[in-house]
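Below: one structure, written as structure tokens.
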Ligand code: CP
Ligand code: NVA
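Residue numbers (the working numbering): 223 to 520.
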């Protein structure tokens, strides 16, 4: 594995190997190998971040490396320097790069032009690091996803849902996505996905019924602030106690965070399920360390 750009391009074997190594690194925290010793990894972020930035900075240090955070406003990228030129400069100086930005193509171009290991830390199309942390959390909480129903309630065509749909296709679990009619995955995407175990509905109760995992995310992703018309369509898609009354016994609730209480999730539900939701946040660190270790070996 040379880069980690999407769940779409990972195999089931690569996903399970990353999750196994994440569990090992979690268990051995403080005493494991340091394959990034002597290395500098750049982190180019053109969108805000708490979890991703902190977990990568800590993870790189724990693996022996030095993280270099580069906000778009601090580098010439923010003044219009093309990504392919930025890539060719950084590729000659640092050992790897983590990028959070809008267009997936920018991350692909960076990987191509830099020649160094490149990690997608969220684009408009995918959030692969988050989904790996989420899968680790499902494994730890429920023992795995075999025979489990996972529901995603919210925006049906956001980075989170797209990555979850690819994970369902690769790993073979049942995924029910409930979204307003205007915010569902388009037909051409579903044709490309070609995953009969992924169902799409406008009925949140149908998706939540019998689900072992109830997953949600913000209604307005970064870059969509102020789209009040979009937000207004999501009222019936709140994860609240009524909706959870339809879920399977022993269900867990996942939220990648940040959460907007009173919108996609209630205060009551978030606090009731906080232990698993913040375990999920912590798992960002362990999952990303597994990615860094895998790329350092490539
Ligand atoms: N879940 C997530 O990616 O959080 P941040 O935006 O804080 O990095
Ligand atoms: N879909 C959200 C995820 C935030 C971690 C966004 O892109 O803003």
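Built from N, CA and C at the ideal position, the CB exists for glycine as well. Note that the structure is a prediction, hence the values are computed from the model and not measured.
Distance cut-off 6 Å: residue i Cβ against heavy atoms of the ligand NVA
i           : result
residue 342 : no
residue 440 : yes
residue 277 : no
residue 382 : yes
residue 444 : yes
As assigned by DSSP and simplified to three states, the class of residue i
i           : result
residue 426 : helix
residue 462 : coil
residue 353 : helix
residue 227 : coil
residue 305 : helix
residue 483 : strand
residue 530 : The first residue shown for the chain is 223 and the last is 520, placing residue 530 beyond what the model contains.
residue 450 : helix
residue 377 : coil
residue 331 : helix
residue 312 : helix
residue 444 : coil
residue 297 : coil
residue 500 : helix
residue 505 : helix
residue 472 : coil
residue 278 : helix
residue 490 : helix
residue 518 : helix
residue 363 : helix
Identity of the residues DSSP links to residue i by a beta bridge
i           : result
residue 289 : 263
residue 318 : 263
residue 340 : 319
residue 371 : 396
residue 477 : 438
residue 420 : 397
Nearest-angstrom Cα separation, counted from residue j out to residue i
i           : j           : result
residue 300 : residue 231 : 29 Å
residue 254 : residue 375 : 38 Å
residue 280 : residue 505 : 12 Å
residue 471 : residue 371 : 12 Å
residue 524 : residue 236 : Look at the range of the chain in this structure, 223 to 520, and you will see that residue 524 is not part of it.
residue 424 : residue 313 : 45 Å
residue 449 : residue 442 : 7 Å
residue 328 : residue 288 : 24 Å
residue 391 : residue 475 : 21 Å
residue 204 : residue 315 : For residue 204 there is no data in the structure shown, the boundaries of the chain being 223 and 520.
residue 497 : residue 438 : 16 Å
residue 298 : residue 267 : 13 Å
beta-carbon residue i near the ligand CP non-hydrogen atom, thresh 6 Å
i           : result
residue 188 : In this structure the chain extends from 223 to 520, so residue 188 is not present and cannot be described.
residue 479 : yes
residue 272 : yes
Would you be able to state if there are at least three C-beta pairs under 8 Å between the stretch 424-435 and the stretch 445-454? no
If we count Cβ pairs, one from each stretch, closer than 8 Å, do we get three or more for the stretch 477-484 versus the stretch 275-291? no
Between the stretch 397-414 and the stretch 343-352, are three or more C-beta pairs nearer than 8 Å? no
Between the stretch 317-336 and the stretch 486-503, do at least 3 Cβ pairs fall closer than 8 Å? no
Would you check if there are 3 or more beta carbon pairs closer than 8 Å linking the stretch 347-363 to the stretch 236-245? yes
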